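Enquirer:
Chains as they are written, first to last, in my numbering: chain A, 1 to 196; chain B, 197 to 842; chain C, 843 to 1276.
1. Please confirm if residue 343 (chain B) has its CB atom under 8 Å from at least one CB of chain A.
2. Check the Cβ of residue 1277 (chain C) against every Cβ in chain B and list those closer than 8 Å, keeping chain order.
3. Answer yes or no: do residue 676 (chain B) and residue 542 (chain B) have a C-beta to C-beta separation smaller than 8 Å?
4. Between the C-alpha atoms of residue 284 (chain B) and residue 1128 (chain C), what's the straight-line distance to the nearest angstrom?
5. Quick check: the Cα distance between residue 164 (chain A) and residue 34 (chain A), rounded to an integer number of angstroms?
6. Taking the Cβ atom as the reference point for each residue, do residue 375 (chain B) and residue 63 (chain A) lie within a distance shorter than 8 Å?
7. Measure from the C-beta of residue 56 (chain A) to each C-beta in chain B and report whether the shortest distance is under 8 Å.
8. Could you please tell me which residues of the region 1014–1036 of chain C, in chain order, have their CB closer than 8 Å to any CB of chain B?
9. Can you say whether residue 13 (chain A) is buried or exposed, counting buried as having 16 or more other CB atoms within 10 angstroms of its CB?
10. Residues of chain A with a CB under 7 Å from the CB of residue 1179 (chain C): which are they?
11. Could you please give the first and the last residue of the uninterrupted beta strand (DSSP E) stretch that includes residue 963 (chain C)?
12. Evaluate residue 426 (chain B) with the Cβ neighbour count: other Cβ atoms within 10 Å of its Cβ, from every protein chain shown; 16 or more gives buried, anything less gives exposed.
13. Using a cut-off of 8 Å between C-beta atoms, extract the partners of residue 1187 (chain C) located in chain B.
14. Report the residue from B:544, B:521, B:522 whose alpha carbon sits nearest the alpha carbon of residue 530 (chain B).
15. Apply the 10 Å Cβ neighbour rule to residue 498 (chain B) and answer buried if 16 or more other Cβ atoms are within range, or exposed otherwise.
16. Starting from residue 274 (chain B) and walking both ways along the beta strand (DSSP E), at which residues does that stretch end?
17. May I ask you to list, following chain order, the residues of the region 60–78 of chain A that have a beta carbon less than 7 Å from some beta carbon of chain C?
18. Could you compute how far the alpha carbon of residue 690 (chain B) sits from the alpha carbon of residue 20 (chain A)?
19. Report back the beta-carbon spacing between residue 965 (chain C) and residue 973 (chain C) to the nearest angstrom; my notes put them in contact at under 8 Å.
20. If I follow the unbroken beta strand (DSSP E) through residue 117 (chain A), where does it start and stop?
21. Restricting to Cα atoms, I'd like to know which of B:685, B:663, B:750 is closest to residue 578 (chain B).
22. Identify whether residue 381 (chain B) lies in helix, strand or coil by the three-state DSSP scheme.
23. DSSP three-state call for residue 911 (chain C): helix, strand or coil?
24. In terms of residue numbering, what span does the beta strand (DSSP E) encompassing residue 988 (chain C) cover?
25. Would the region 252–268 of chain B count as touching the region 336–344 of chain B if we require 3 or more Cβ pairs under 8 Å?
26. Could you give the distance in angstroms between the alpha-carbon of residue 685 (chain B) and the alpha-carbon of residue 705 (chain B)?
27. Hey, out of B:467, B:430, B:406, B:410, whose CA is closest to residue 419 (chain B)'s CA?
28. To test your reading of the DSSP string, which unbroken alpha helix (DSSP H) runs of 4 or more residues are found completely within the region 26–96 of chain A?
29. Out of C:1027, C:870, C:882, which has the shortest C-alpha to C-alpha gap to residue 982 (chain C)?
30. Kindly say whether residue 41 (chain A), judged by its beta-carbon, lies nearer than 8 Å to any beta-carbon of chain B.
31. Taking residue 951 (chain C) as the reference, give the member of C:1210, C:884, C:976, C:910 with the closest Cα.
32. Leaving out the 5 sequence neighbours to the left and right, which residues in its chain are closer than 6 Å to residue 173 (chain A) when beta-carbon positions are compared?
33. Using a Cβ cut-off of 8 Å (strictly closer), state whether residue 107 (chain A) contacts chain C.
34. Kindly say whether residue 17 (chain A), judged by its beta-carbon, lies nearer than 8 Å to any beta-carbon of chain C.
35. Check whether the Cβ of residue 1163 (chain C) lies closer than 8 Å to any Cβ atom in chain B.
36. Below 8 Å between beta carbons: does that hold for residue 1209 (chain C) and residue 1262 (chain C)?
Set out below in structure tokens:
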């Protein structure tokens, strides 16, 4: 089996949570991606089996949503919005800066495997703090080159393992998305643009 | 249905909905879709995603029409009619929408029609000609590319570049088979149809995919580069691979069978074929065939080719000689399951009336007490049952398309389908299934006794129980109806004397009690008896065989007359539910000899019974005279036997 | 002028995301009151009286939407749409971050009014921390007896499930949201049947926006009448939370009374005006789907119907401002690319049309498109608009077509220019917007 006992039991409890088990498919796929960093086919097979679905149905769903990965990614995921509101405030410069800094084009992984970064046309909902990026799903807004340097340094510079339960400000994290008390820390980290 | 129904002044209250399409008044049942209403009125609206057997999805947007009082164009395939609705399909707005959709559809579609198997019968080609723009305004850039000609199995090939994403194959697996093998993956312009991780298709109903596909995205690997539709000759036929009686179109090219295509009969196949039937093409093109009449002398007399008249004359002489010497009980008559009703009618008369024997059959097994009550439920009526009991795996293994009907009954009509393992007793079943309005019992004929037992037990605790027995072979049912078996005459009338069944005839022949065998395309039947069949053929003094196959029977026959394969002749066959279905000649006969009905009439005449009809139509008239159930059934309907004969 | 803070009134309270903190500012009082004083139908009546219109974009009256549920068909479901993915909109995220319990309380009020026993908050996958926050708050509320069996001792029981999406704009469309919640690809469903009749799991279902339900505690506490007569006016009652973005001094989230505020007041008083002392060239209200408006429209009151009459919409509350240096072709291109990326692929005109549009727009912005291609672009948009399965494909044409109409010269100047005449050579900007 590809999935750990923890992931399997997480899937089983997700399955019980919904009026119909099939509804649990997205959270279950999240659980698989949390463990592996992407969705290996064997993981989808196990989800199918646990939810009593055809494997094809699981893949039909997993490929529809842009946040599930069909192949392994770097340790940290950086996503930069280049949609109109961000573009008006310099998103293209952020893209150019990241390209130079990380030394690879959008969609690629750095040679050391530390970062996968991509620009996205999908609005990430931080137009008030444009330009912005998400690093391992946490918002970083009102970016400047200095700010980007310090964020990437903080995230990717320290030890790559552990420290799952620490706030992003202090914790370099693997791209797995475990439980973490969110809230205040996240809000504080959001920057000063949206929150007046 | 709607409260507006009947409020229109002058509307006739016939329970129908009145609307106007392109100025034509149309009245249709409530709930009808505009597309269906238009089609009934003879108005063509192009569609890709809509399919008569599937629920509407309205994704291709080809069928957009103007409906008065609605601000936007509406998809005819998904819009339900309403009283007083006024629809226009010929407006400039509609024409522009169609042209626009075709421009969109062709944006990423390859220009490989010349090498596409679908060319000539492709809806994209046809509609592009009829409704499409003259050229695309897409600047020369790369189209979206996918891997071409990907095998999905040994039977089906997928070309995602040709796919227009109508969802039909996905819905087919969703709504028709329930197997969910093909799904949509990715999204937007990158959407593809695919299997899980590209794994091969497993379904035994894959062959329907190229038929539901409106373009050349899914094609038959066995039909790849074989023919163009305009080179084909098409005849209506019935699939010969089992007793279910699926209607097919038999497509031939230059006297070769190239494919079976489905021919929708909503009461039988519902337009679906199984792969066993669809891909049974090769056997009809076999070149090893009995081609000339032949006489063999006993001992070292050798063999010689003769004219058919001489062969018939000699057959009659030898059969008569056996009858004279050993009596009529020394003659056994057997035929294969691909014998038509017309042939069977003559053959059983020949056996009983002319040769005087009661030893005749079309199968090896005995079915004592065979009654029409075993055949009271029609295939389509499975959807009308409240519950259906399927005994064991055999019914669906023998007649695979039955599975699709059961799935449809389950899905569309909420029929509860119970597949019952061999171990479960009738009593236990009656505990489980009770209080139902109508229980359908589906049983294979080899397990008809269990079927009777289960039906009796269920009848005690449910309002009604009706049975569908899956017979064996394309005309196994017709041969029983016509009395081509011991103990029962035409129409299940009891025969005056006891006769031997197929196995007993062969045993008697092997023992030397039966001296003469009259075999009509019975090679497969004799072969099925294995070593017993071989002994019977060795020992029999006279073997008169009308045979297509080059096999043990043809090798042993003392009088051999070439037969005709089912696709080479006309007549009718009866499916397991009792539906009498016409078959037409699709291939030229492999030999010059007359058809079997004519040969049988000649044989009767040579044996002293002149004047029998020999042409199919004439035989059929006589048959219907003898069997009222078939006269009432006519062609394509059910033969019902009202009187159960013990 | 100033903001009118109704939904945002408690923002700034320390640790408002904690239950006790929310209760400290009067939180969950509306739920207590409703359970004590009102029948479910009375809550529906109160909401109808308030004139509250949905805040997700379409602006359909919430009470009317609720009344479409067939009587006596149960179970019913309630889905709160927190899939906010509209370009230029981030108010729902802000509402979640700043006051999550307000949304939960509003959800429970709606559930009570609609006799729903299982409600969902569908939150987009990208709002990862927000999902965790909501989950945490739901557990807190559950532990305090606001969620679960016999809530606050009443006979009202309701479970609340926070469901995370995984990256698909289309799931903000209510039937796509339902399909996604059922564990399918999030693609819109054929209507009819409408969700109110046959929605989640084939049962009657209401889908409401986050801001819509966040308003409910205030309506219940102060009365629908108060809401309708004191806030906003006419058919645009209440406040709305707007998302200001683009070329302005102070981007962010601002809550204002509808009707009583003009776009100019919003821009100058709240957003600090156009940045860098520049002039305004155009703005897009409503979010990325909506039509572009010009400086002259700034004096219109921010009223849903007035904006509709002006050929655009207040939509989901976006306000994106563009200064005089902006290339409208570039902005159009970004928005068109967004729709190409987010098209679910279900229907032909959206799937292929957005791809076609995007191809032509890239050529136009690069200065290599011909005038024929530009002409084709507007015809292609016409072949999409009103012909797609759901509004996504239709709206994929709205901004670009309105921009083409308003800035025709600028679009034409791109044809064969060999590059963007606006961005790469700002001097050319003089020829546009004449």
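Ideal placement from N, C-alpha and C gives every residue a C-beta, glycine not left out. Bear in mind the structure is a predicted one, so any value in this text is a computation, not a measurement.
Expert: With the given structure in hand:
1. In the second chain, the residue the question calls residue 343 (chain B) occupies position 147. Answer no: the Cβ-Cβ gap between residue 343 (chain B) and chain A never drops below 8 Å.
2. Not covered by the structure: residue 1277 (chain C). The range shown for chain C is 843 to 1276.
3. On the second chain, residue 676 (chain B) is found 480 positions in, with the first residue counted as 1. On the second chain, residue 542 (chain B) is found 346 positions in, with the first residue counted as 1. No, they are not a contact pair.
4. Residue 284 (chain B) sits at position 88 when you count from the first residue of the second chain. Residue 1128 (chain C) sits at position 286 when you count from the first residue of the third chain. The alpha-carbon atoms of residue 284 (chain B) and residue 1128 (chain C) are separated by roughly 35 Å.
5. The count along the first chain starts at 1 and reaches residue 164 (chain A) at position 164. The count along the first chain starts at 1 and reaches residue 34 (chain A) at position 34. Residue confidence for residue 164 (chain A) is low, a pLDDT of 37 falling below 50, so the modelled location carries little weight and cannot support an answer.
6. Reading the second chain from its first residue, position 179 is the one you call residue 375 (chain B). Reading the first chain from its first residue, position 63 is the one you call residue 63 (chain A). Result no, Cβ atoms of residue 375 (chain B) and residue 63 (chain A) do not sit closer than 8 Å.
7. Residue 56 (chain A) sits at position 56 when you count from the first residue of the first chain. Output row for residue 56 (chain A): interface = yes.
8. Legend: CB atoms of the region 1014–1036 of chain C lying less than 8 Å from CB atoms of chain B belong to residues 1027, 1032.
9. As a first step, residue 13 (chain A) is located in the first chain; it is residue number 13 there, counting from the start. Flag for residue 13 (chain A) reads exposed.
10. The residue labelled residue 1179 (chain C) in the question sits at position 337 within the third chain. Those within 7 Å of residue 1179 (chain C) in chain A are 121.
11. For the purposes of this step, residue 963 (chain C) is taken as residue 121 along the third chain, with counting starting at 1. Note, residue 963 (chain C): beta strand (DSSP E), 960–965.
12. Taking the second chain and counting its residues from 1, one reaches residue 426 (chain B) at position 230. Counting Cβ neighbours within 10 Å, residue 426 (chain B) comes out exposed, since fewer than 16 surround it.
13. Here residue 1187 (chain C) is taken as the residue at index 345 of the third chain, counted from 1. Under the 8 Å cutoff, chain B gives 361, 380, 382, 383, 384, 385, 386, 387.
14. Here residue 530 (chain B) is taken as the residue at index 334 of the second chain, counted from 1. Checked all of B:544, B:521, B:522; the closest Cα to residue 530 (chain B) is B:544.
15. Translated into positions along the second chain, residue 498 (chain B) becomes position 302. By the 10 Å Cβ count, residue 498 (chain B) comes out exposed.
16. Within the second chain, residue 274 (chain B) is the residue found at index 78, counting from 1. Where residue 274 (chain B) is concerned, there is no enclosing beta strand (DSSP E), given that its DSSP letter is neither H nor E.
17. 60, 61, 64, 65, 66, 67, 68
18. Counted from its first residue, the second chain places residue 690 (chain B) at position 494. Counted from its first residue, the first chain places residue 20 (chain A) at position 20. Distance between residue 690 (chain B) and residue 20 (chain A), taken at the CA atoms: about 58 Å.
19. By one-based count along the third chain, residue 965 (chain C) stands at place 123. By one-based count along the third chain, residue 973 (chain C) stands at place 131. Rounded to the nearest angstrom, the Cβ distance from residue 965 (chain C) to residue 973 (chain C) is 5 Å, consistent with a contact under 8 Å.
20. Numbered from its first residue, the first chain carries residue 117 (chain A) at position 117. Residue 117 (chain A) -> beta strand (DSSP E) spans 115–120.
21. Taking the first residue of the second chain as 1, we reach residue 578 (chain B) at position 382. Nearest option by C-alpha distance: B:663.
22. For this step, residue 381 (chain B) is matched to residue 185 along the second chain. Of the three classes helix, strand and coil, the one that applies to residue 381 (chain B) here is strand, per DSSP.
23. Here residue 911 (chain C) refers to the residue found at position 69 of the third chain. In the structure shown, residue 911 (chain C) sits in coil (DSSP, three-state: anything other than H, G, I, E or B).
24. In the third chain, counting from the first residue as 1, residue 988 (chain C) sits at position 146. Neither: residue 988 (chain C) is in no beta strand (DSSP E) and is coded neither H nor E.
25. no
26. Taking the first residue of the second chain as position 1, residue 685 (chain B) is located at position 489. Taking the first residue of the second chain as position 1, residue 705 (chain B) is located at position 509. When rounded, the distance between both Cα atoms is 23 Å.
27. Working through the second chain from its first residue, we reach residue 419 (chain B) at position 223. Proximity to residue 419 (chain B) across B:467, B:430, B:406, B:410 peaks at B:406, based on C-alpha coordinates.
28. 41–50, 55–62, 84–88
29. Residue numbering aside, residue 982 (chain C) sits at position 140 when the third chain is read from its first letter. Of C:1027, C:870, C:882, the residue nearest in Cα terms is C:870.
30. In the first chain, the residue the question calls residue 41 (chain A) occupies position 41. Output row for residue 41 (chain A): interface = yes.
31. Your numbering for residue 951 (chain C) matches position 109 in the third chain. The residue with the shortest Cα to Cα distance from residue 951 (chain C) is C:884.
32. Along the first chain, read from residue 1 onward, the residue named residue 173 (chain A) stands at position 173. Here residue 173 (chain A) scores only 32 on pLDDT, less than 50, and its place in the model is too uncertain to base an answer on.
33. Walking along the first chain from the start, residue 107 (chain A) turns up at place 107. Chain C, which has no Cβ nearer than 8 Å to the Cβ of residue 107 (chain A), makes this no.
34. In the first chain, residue 17 (chain A) corresponds to position 17, counting from 1. It does: the Cβ of residue 17 (chain A) has a partner Cβ on chain C nearer than 8 Å.
35. Counting from one through the third chain, the residue named residue 1163 (chain C) turns up at place 321. Taking Cβ atoms only, chain B never reaches closer than 8 Å to residue 1163 (chain C), which makes this a no.
36. The residue given as residue 1209 (chain C) occupies position 367 in the third chain. The residue given as residue 1262 (chain C) occupies position 420 in the third chain. Yes, these two residues count as a Cβ contact at 8 Å.
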